[in-house]
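Asks: Please read through the structure below; I'll follow up with questions.
There are 2 protein chains.
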Amino acid sequence: MNGLIREREALLGLHGRLMQRFGDIDGNDFVIDPWQRTAVDGGFGGDGRTAILEDSVVIERGAVLFSHIAGTALPPAATLHRPHLAGRPYEVVGVSVVLHPRNPFAPTAHMNVRCFAVNAEDQLYRWVGGGMDLTPCYLFDDDAVAFHRAARAAAPAEYPTWKQQCDQYFWLKHRQEARGVGGIFFDDYVGVDALDTALAVGRGFGDAVGNIVMAHKDDPYEASHRDWQLIRRGRYAEFNLVWDRGTTFGLQSNGRIESILASMPPQASWRYAHEPNAGSHEARTLAVLKTPRAWL
Amino acid sequence: MNGLIREREALLGLHGRLMQRFGDIDGNDFVIDPWQRTAVDGGFGGDGRTAILEDSVVIERGAVLFSHIAGTALPPAATLHRPHLAGRPYEVVGVSVVLHPRNPFAPTAHMNVRCFAVNAEDQLYRWVGGGMDLTPCYLFDDDAVAFHRAARAAAPAEYPTWKQQCDQYFWLKHRQEARGVGGIFFDDYVGVDALDTALAVGRGFGDAVGNIVMAHKDDPYEASHRDWQLIRRGRYAEFNLVWDRGTTFGLQSNGRIESILASMPPQASWRYAHEPNAGSHEARTLAVLKTPRAWL
Chain U
840 MNGLIREREA LLGLHGRLMQ RFGDIDGNDF VIDPWQRTAV DGGFGGDGRT AILEDSVVIE
900 RGAVLFSHIA GTALPPAATL HRPHLAGRPY EVVGVSVVLH PRNPFAPTAH MNVRCFAVNA
960 EDQLYRWVGG GMDLTPCYLF DDDAVAFHRA ARAAAPAEYP TWKQQCDQYF WLKHRQEARG
1020 VGGIFFDDYV GVDALDTALA VGRGFGDAVG NIVMAHKDDP YEASHRDWQL IRRGRYAEFN
1080 LVWDRGTTFG LQSNGRIESI LASMPPQASW RYAHEPNAGS HEARTLAVLK TPRAWL
Chain E
840 MNGLIREREA LLGLHGRLMQ RFGDIDGNDF VIDPWQRTAV DGGFGGDGRT AILEDSVVIE
900 RGAVLFSHIA GTALPPAATL HRPHLAGRPY EVVGVSVVLH PRNPFAPTAH MNVRCFAVNA
960 EDQLYRWVGG GMDLTPCYLF DDDAVAFHRA ARAAAPAEYP TWKQQCDQYF WLKHRQEARG
1020 VGGIFFDDYV GVDALDTALA VGRGFGDAVG NIVMAHKDDP YEASHRDWQL IRRGRYAEFN
1080 LVWDRGTTFG LQSNGRIESI LASMPPQASW RYAHEPNAGS HEARTLAVLK TPRAWL
């Protein structure tokens, strides 16, 4: 655990910055649950800081997570593009954020950046993965555009490819609809500026989502808007538990359950064959989710 | 589609009986959504009757499903014990029930029976699978005992084995806890009385669960009981989406989504590292779920 000293310091800084930013918006401090875990039986060990807002004012449920772990055998799921590194000793440090705002007009937002170092026989491999994506229950085009602008600003050259990868990854195949309006998603970035790019993604996310949540946190809403929000959060739960590689891998491999499931919505609901009324804001949102769009 | 005429008629009768029973308890009729599906591209076709109670009085969400389908290639997941039949033409007719009562002291209940017929080169194979299991948020020992008595009465000789299989199947590995207090679960029953056993399971479930829900539907409760119910329903959602073979297979293989997800709770919630107070009814329930018990 000493290949990623610079990355650890930088990502701890990002963790603090995002916690501060979203805590300021909510008006309440995140509760920090620091943890340590000793590697046993070929598993992984490390430490982390899980920061949570639960049943809060603006952010009904929010998690800003830092973790730094090392293990003796890289899981195959962690390295789709470098299968020859599966099973090698590895180290990974990352920050992830999920915010479920209370107001139905404020979108759910997610960001993750993680820096890998893997020791193979011949050399030390390093790469960065991550992304940011936005999941509105009620689509506002301006928000989607602002979010994508922030994503492109963080990685201008890679944006077109990473935007497409995001649309592909956050696809609920069983519903034939996207989780949200996308953003960027990347698995395996090895540029010399990899850490700077990860930090730019994290900061860009914080600024863009901060502005969007501030803009909607006091929008007036009714019970029917809340109902639709809970149905859409049911979809979010479906994506995380059925399709998300990180979540399903974590659940099936003795990960830290409370951190893995910190991404789940505070409340969700399911209805039989629910369809929004034709022409409604709900129907327009759903139509866009069924056909991912070029926002820029 | 003509190998299971007797089974179809018997299970349509069971479907009607259960719908009537639970509709009487609720005071409202189930809404029936009949469907037909034509086989395309090596998929499956058939028909079904999806009966739903949504946001209702006693049963907050309930589904009583009948389906009868045929396909050209039996999915491997459908026949763990007969791998040589995977890929053969098959027919299956079944009934399943999931009830999520509104009162937190009334348990969630699930039952499924299905009759298979598979054409292999040498002969026609038939078997029956299914089970019944109970998921209380608040454990009442008497209810668990009554439910297990009903399960044993439906299949006295097989009960000891099927009870164990149920505890094994409905295990949330990532939580190290059972979904509920079990019941029976069987994959591959070929007795000469297979259809009668399936019907006995269905009827026994209807009677036992009817009595249990009637006993608790008017229990007084407070907001804190509802909170715990929603957290436990989150676990139910986790089981269905992460571990249930029928659900995950259906979602990943172009099944009929609305029928597959009719088992989901009407509402569910997630909290970070939630633990019930020591000595509470909630804590006692959770302790029993962590160590499945012999109820009879």
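These protein sequence lines are chains U and E, in that order. Per the working numbering, residue 840 is the first one in the first sequence, and the count goes up by one each step. Per the working numbering, residue 840 is the first one in the second sequence, and the count goes up by one each step. The C-beta atom is built at its ideal place from N, Cα and C for all residues, glycine as well.
Excluding the 5 residues flanking E:Ala959 on each side, which residues of the same chain have their C-beta closer than 7 Å to its C-beta?
Replies: Cβ within range, chain order: Leu924, Arg927.
Asks: Quickly, what does DSSP pair E:Ser1108 with across the bridge? List them, please.
Replies: Paired residues: U:Gln1106.
Asks: Using the rule of at least 16 other Cβ atoms within 10 Å of the residue's Cβ for burial, across every protein chain shown, is U:Glu1061 buried or exposed?
Replies: U:Glu1061 should be labelled exposed.
Asks: Taking DSSP as the reference, what is the three-state secondary structure of U:Arg1084?
Replies: U:Arg1084 falls in the helix class under three-state DSSP.
Asks: Are the C-beta atoms of U:Asp872 and some chain E residue less than 8 Å apart?
Replies: Yes, U:Asp872 counts as interfacial toward chain E.
Asks: Can you list, in chain order, the residues of the segment 933-962 of chain E whose Cβ is nearer than 7 Å to any Cβ on chain U?
Replies: From the segment 933-962 of chain E, no residue has a Cβ closer than 7 Å to chain U.
Asks: Measure the C-alpha to C-alpha separation of E:Ile1023 and E:Arg876 and round it to an integer number of angstroms.
Replies: E:Ile1023 and E:Arg876: Cα-Cα distance of roughly 31 Å.
Asks: Assess, as a yes-or-no matter, whether the segment 1022-1038 of chain E is touched by the segment 947-955 of chain E under the definition of 3 or more beta carbon pairs within less than 8 Å.
Replies: Yes, since at least three Cβ pairs between the segment 947-955 of chain E and the segment 1022-1038 of chain E fall closer than 8 Å, the two stretches touch.
Asks: For E:Asp872, I'd like the list of residues in its chain whose CB is within less than 6 Å of its CB, leaving aside the five on either flank, ordered along the chain.
Replies: The answer, listed in chain order, is Thr889.
Asks: With three or more C-beta pairs closer than 8 Å as the rule, is the segment 1108-1117 of chain U touching the segment 989-1006 of chain U?
Replies: Too few Cβ pairs lie closer than 8 Å, so no.
Asks: On the DSSP bridge assignment, give the partners of E:Asp972 in chain order.
Replies: Paired residue(s): E:His949, E:Gly1022.
Asks: Report the residue from U:Val1048, U:Arg921, U:Thr1130 whose alpha carbon sits nearest the alpha carbon of U:Arg988.
Replies: Checking every option, the nearest Cα to that of U:Arg988 belongs to U:Val1048.
Asks: Hey, would you say E:Val1052 sits closer than 8 Å to E:Val870, going by beta carbons?
Replies: Cβ distance not < 8 Å, so E:Val1052 and E:Val870 don't count as in contact.
Asks: DSSP beta-bridge partners for E:Gln1015?
Replies: DSSP output for E:Gln1015 lists no bridge partner at all.
Asks: Of the choices E:Ile1096, E:Asp1046, E:Ala983, whose alpha-carbon is the least far from that of E:Arg1132?
Replies: Out of E:Ile1096, E:Asp1046, E:Ala983, E:Ala983 has the C-alpha closest to the C-alpha of E:Arg1132.
Asks: E:Gly862 to E:Asp868, Cα distance in whole Å?
Replies: Near 5 Å, if we compare the C-alpha coordinates of E:Asp868 and E:Gly862.
Asks: From U:Thr974 to U:Leu1125, what does the alpha carbon distance come to, in whole angstroms?
Replies: Distance between the alpha carbons of U:Thr974 and U:Leu1125: 11 Å.
Asks: Check the Cβ of E:Tyr1008 against every Cβ in chain U and list those closer than 7 Å, keeping chain order.
Replies: Near E:Tyr1008 there are no residues of chain U at all, since even the closest Cβ is about 16 Å away, more than 7 Å.
Asks: Does U:Pro1105 get closer than 8 Å to chain E when you measure Cβ to Cβ?
Replies: Answer yes: the Cβ-Cβ gap between U:Pro1105 and chain E drops below 8 Å somewhere.
Asks: Is any beta-carbon of chain U found at less than 8 Å from that of E:Glu808?
Replies: Chain E is shown from 840 up to 1135; residue 808 of chain E falls before or after that span and cannot be answered.
Asks: For a contact meaning CB atoms closer than 7 Å, what does E:Trp1109 contact in chain U?
Replies: Chain U residues near E:Trp1109: Leu1100, Met1103, Pro1104, Pro1105.
Asks: Check this for me: beta carbons of E:Arg941 and E:Glu899, under 8 Å apart or not?
Replies: The answer is yes: Cβ separation under 8 Å.
Asks: Taking 8 Å as the threshold (beta carbon to beta carbon), is E:Leu1090 in contact with chain U?
Replies: Yes, contact with chain U.
Asks: Helix, strand or coil, according to DSSP, for U:Trp1067 in the structure here?
Replies: Residue state, collapsed to three classes: helix.
Asks: Does U:Trp1134 come out as helix, strand or coil in the three-state DSSP assignment?
Replies: Coil, per DSSP.
Asks: I need the DSSP call for E:Glu997, collapsed to helix, strand or coil.
Replies: Of the three classes helix, strand and coil, the one that applies to E:Glu997 here is coil, per DSSP.
Asks: Just the C-alpha distance for E:Pro922 and U:His907, rounded to the nearest angstrom, thanks.
Replies: Distance between the alpha carbons of E:Pro922 and U:His907 is about 43 Å.
Asks: Going along the chain, which residues of the segment 1012-1025 of chain U sit with their C-beta nearer than 8 Å to a C-beta in chain E?
Replies: So the list reads Lys1012, His1013, Arg1014, given in the order they occur along the chain.
Asks: Which runs of the beta strand (DSSP E) at least 3 residues long sit entirely within the segment 847-934 of chain U? Give them in chain order.
Replies: Those beta strand (DSSP E) runs which fall completely within the segment 847-934 of chain U and span 3+ residues are 870-876, 883-893, 898-910.
Asks: Thinking E:Ala1076 and E:Pro1104 are a contact (beta carbons under 8 Å), I'd like their distance in whole angstroms, please.
Replies: About 6 Å separates the two Cβ atoms, so the contact holds.
Asks: Sort U:Val967, U:Glu1016, U:Leu978 by Cα distance to U:Thr947 and report the nearest one.
Replies: Checked all of U:Val967, U:Glu1016, U:Leu978; the closest Cα to U:Thr947 is U:Leu978.
Asks: Using only the alpha-carbon positions, how far apart do U:Arg1014 and E:Ile1096 sit?
Replies: Going by the C-alpha atoms only, they are around 8 Å apart.
Asks: Pull up the DSSP beta-bridge partners for U:Leu938, would you.
Replies: U:Leu938 pairs with U:Gly901, U:Ala948.
Asks: What are the boundary residues of the alpha helix (DSSP H) that includes U:Asp1057?
Replies: It is not in any alpha helix (DSSP H) - U:Asp1057 carries neither H nor E in the DSSP assignment.
Asks: Mark E:Lys1012 as exposed unless 16 or more other C-beta atoms lie within 10 angstroms of its C-beta, in which case mark it buried.
Replies: E:Lys1012 should be labelled exposed.
Asks: How about U:Arg1018 and U:Phe1078: are their beta carbons less than 8 Å apart?
Replies: Yes.
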